[in-house]
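In this note's numbering, the protein residues as written are -1 to 513.
Heads up, the beta-carbon is just placed ideally off N, CA and C, and yes, glycines get one too.
Everything below concerns the one structure shown next.
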Ligand code: ME8
């Protein structure tokens, strides 16, 4: 069994809505990390799924005149279909309505109750259905939810509470002792700042007569729990908290939770304190990325500024969408999604730098070497430099991928690809061929090997198109090291890897579609 298991999770998304670009981003990021860790020989467990209980789902079902379960059963395949379209290779897809999960919720609630950490109280607070949580006055801006900017309703009712405050000091100590626990750094500081104020206890129930769509409390059948005391537990359900101790012990200590910054508080404060109370160790890392922003006003006016992942996939293919999302967002900061920047990025990086290079190299080999990869020949300092460059890029990209700096890993790889373009320009094999066929061959195999390595480095991000490139050269090995390409291999025919997107044509077709 490979060492160092790698367990990666996405949030489980609310099943009341259709997936959009933001959900796609987190899930692609998890898939890229999962693929990368598989490629370096780690044993990977990649979990995603759906959060199916709560008021939002109940309301969505009511508005469709169907039961919440019917609504959830209808929505789950839609999410799975998008993930399939985005080539997401998850290992488990959890739904909170599954019996395996509800058993865990009841089990952990019982443990927390037995630890003396749950009590009943009458409570008044501002409830946001969007966030599915109460806000205290000090957290609000006026009477509006800071996330949804909606007026909130003040609700008073008897409910069960979790003594979150009891664990405040332990949590602060844990965060300070484990600097990598909350990432990026500024998010950790945000949480530590928040923890300087006394922590409130957490309302974890709803009376069944107000909300029935949740997990029944094991100690009071008039109440249900939903969303946070339900959903967060999915992360321990899936690896086998109940029923598969060996599996659980293998995966759980390695858990990396990828989330958006909107749910940082619930993951970095609620979740660790719940685990402390239940006597379960904490996950390895919580990584909160920023938001994709859509500038509505500009969107309708500017060129093709439509932000719909499904449409983009249909129009430009999955790999370019994955590439753009991974390249464009600096994790930890917000990013604007516009089709203009997508097209610009596509044309410059993928069509010009990467795809063109493959076409140029293979065209020359078809023209002068009967469509075969030429021999290495004697290397000169220029080839030695390319090799050094490939090796240092590989090293750096590995380091960046391991620390989840995907955008930087991509940029390093693209700089390397640009250096291959420069090498080719400078060596000009199309001129060399006239007097020195061997040297022209040496340049072409060197450029091909560099391209192969570039494709391997980009494979977790663009699994399909990079495979086309690797198939073109017909190398059997999946090794990254220099010198794997086989002289004499016949090139396989390939379509243009990234055909240039013509902006005018595009604008017209969008106009015709009325978008
Ligand atoms: O919060 N930019 O589910 P949710 C980037 N069920 N990421 C975005 C985004 C955007 N504009 N919009 C959404 C829930 N996301 C709970 C989670 S987990 C135990 C329970 C992504 O459907 C991002 O990962 O509202 C964010 O945290 C998540 O979707 C919220 O999904």
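Residue i to residue j span [Cα, whole Å]
i	j	result
residue 292	residue 104	40 angstroms
residue 512	residue 212	The pLDDT assigned to residue 512 is 31, lower than 50, so where the model puts this residue is not dependable; a value taken from the coordinates is nonetheless given after this. About 42 angstroms.
residue 13	residue 446	46 angstroms
residue 88	residue 383	39 angstroms
residue 117	residue 271	16 angstroms
residue 344	residue 318	7 angstroms
residue 42	residue 413	29 angstroms
residue 230	residue 269	7 angstroms
residue 315	residue 19	15 angstroms
residue 464	residue 417	18 angstroms
residue 359	residue 492	12 angstroms
residue 300	residue 327	Any reading at residue 300 must be qualified, since the residue scores a pLDDT of 32, below 50, and its modelled position is unreliable; the value itself is stated next. So the two alpha carbons sit approximately 21 angstroms from each other.
residue 182	residue 286	7 angstroms
residue 385	residue 448	8 angstroms
residue 148	residue 142	5 angstroms
residue 297	residue 325	Reliability fails at residue 297, whose pLDDT of 29 lies under 50, so the model's placement of it is uncertain and no value is given.
residue 151	residue 450	59 angstroms
residue 215	residue 246	24 angstroms
residue 295	residue 323	Any reading at residue 295 is ruled out, since the residue's pLDDT is 32, under 50, leaving its predicted position unreliable.
residue 210	residue 308	34 angstroms
residue 98	residue 355	51 angstroms
residue 453	residue 124	52 angstroms
residue 24	residue 254	13 angstroms
residue 347	residue 377	29 angstroms
residue 311	residue 82	12 angstroms
residue 172	residue 7	21 angstroms
residue 64	residue 179	42 angstroms
residue 241	residue 234	11 angstroms
residue 95	residue 225	11 angstroms
7 angstroms CB neighbourhood of residue i in its chain, flanking five on each side removed
i	result
residue 251	279 and 282
residue 541	Since the first residue shown for the chain is -1 and the last is 513, residue 541 is missing from the structure and cannot be characterised.
residue 438	366, 427, 430 and 431
residue 76	16
residue 165	271, 274 and 275
residue 353	494, 495 and 496
residue 486	370 and 371
residue 261	9
residue 236	45, 90 and 92
Chain-order list of residues whose beta-carbon lies under 8 angstroms from that of residue i (same chain, five-residue window excluded)
i	result
residue 219	206
residue 363	369, 370, 371, 372, 442, 446 and 489
residue 170	190 and 193
Limits of the unbroken beta strand (DSSP E) element including residue i
i	result
residue 116	116 to 126
residue 75	That residue, residue 75, is in no beta strand (DSSP E); its alpha helix (DSSP H) goes 66 to 83.
residue 11	4 to 12
residue 219	218 to 223
residue 157	151 to 160
residue 131	131 to 133
residue 533	Given a span of -1 to 513 for the chain in the structure shown, any question on residue 533 remains unanswerable.
residue 214	213 to 215
residue 43	42 to 49
The alpha helix (DSSP H) enclosing residue i, as first and last residue numbers
i	result
residue 267	Looking at the DSSP string, residue 267 is not in any alpha helix (DSSP H), and its letter there is neither H nor E.
residue 515	The structure shown does not extend to residue 515, since the chain spans only -1 to 513, so no value can be given for it.
residue 284	Residue 284 -> not in any alpha helix (DSSP H); beta strand (DSSP E) instead, spanning 283 to 287.
residue 190	183 to 192
residue 30	19 to 37
residue 463	461 to 471
residue 528	A question about residue 528 goes unanswered here, because the residues of the chain that appear run from -1 up to 513.
residue 385	379 to 400
residue 422	404 to 425
residue 179	First-last for residue 179: undefined, no H or E at that position.
residue 363	354 to 366
Beta-carbon contacts of residue i that lie in its chain and below 6 angstroms, excluding the five residues immediately before and after
i	result
residue 120	156
residue 73	13
residue 357	none
residue 475	482
residue 53	127 and 209
residue 66	55, 56, 59 and 211
Residue-chain proximity (residue i, chain B), Cβ-Cβ < 8 angstroms
i	result
residue 34	Looking for chain B here will not work: only one protein chain is present.
Hey, is the segment 156 to 170 in contact with the segment 250 to 265, meaning 3+ C-beta pairs nearer than 8 angstroms?
-> no
Is the segment 449 to 461 touching the segment 26 to 33, taking contact as three or more C-beta pairs under 8 angstroms?
-> yes
Inter-stretch contact at 8 angstroms, needing at least 3 Cβ pairs: the segment 80 to 95 / the segment 128 to 141 = no
Inter-stretch contact at 8 angstroms, needing at least 3 Cβ pairs: the segment 399 to 409 / the segment 333 to 340 = no
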